[in-house]
């Protein structure tokens with residue numbers, strides 16, 4: 001079974017925002033969706049553009065800055081393929097939990 005790792009304090013990310021953290025040596029993006037935390041791969045599976053550190057669109061979507069792929073951070077689902085070539089692959093997501101006001105991510 002994979003371990004949970006401390007990632008960041010719950011007050012580090014405002015609702016509608018994301019941040020990037022290193023978890024067990026792996027870059028992970030964390031999103032705050034109305035007080036619920038979701039973790040997903042920091043790099044777009046299309047061409048590796050960074051996703052973390054951006055504001056969410058419409059509350060729960062992250063948009064790749066390179067080719068506008070759109071992902072639901074709650075599930076990782078690609079809800080709009082790449083504008084350049086139609087690339088359509090979901091993001092890898094990771095379980096999260098909050099303990100003692102710290103977001104923990106399971107890797």
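Numbering (full-length UniProt numbering), first residue to last: 1 to 107. Glycine included, C-beta positions come from ideal geometry on N, C-alpha and C.
Item to check | Residues bridged to residue 36 (per DSSP) | outcome: 33
Checklist entry - Roughly how many angstroms lie between the CA atoms of residue 26 and residue 65, to the nearest whole one? => result 21 Å
Checklist entry - Do you know how far the Cα of residue 14 is from the Cα of residue 28? => result 17 Å
Item to check | Option in 47, 2, 23 with minimal Cα separation from residue 85 | outcome: 47
Item to check | DSSP bridge partner residues for residue 17 (one or two, in chain order) | outcome: 55
Checklist entry - Are the Cβ atoms of residue 104 and residue 96 separated by less than 8 Å? => result yes
Checklist entry - Just reading off the beta strand (DSSP E) that residue 8 is part of, what are its end residues? => result 4 to 9
Next on the checklist: Can you tell me which residues form a DSSP beta bridge with residue 62?
Outcome noted: 71
Checklist entry - Among 41, 12, 23, which residue has its Cα nearest to the Cα of residue 76? => result 41
Item to check | Alpha-carbon spacing of residue 4 relative to residue 52, whole angstroms | outcome: 20 Å
Checklist entry - Quick one: what's got a C-beta closer than 6 Å to residue 57's C-beta in the same chain, skipping five residues either side? => result 63
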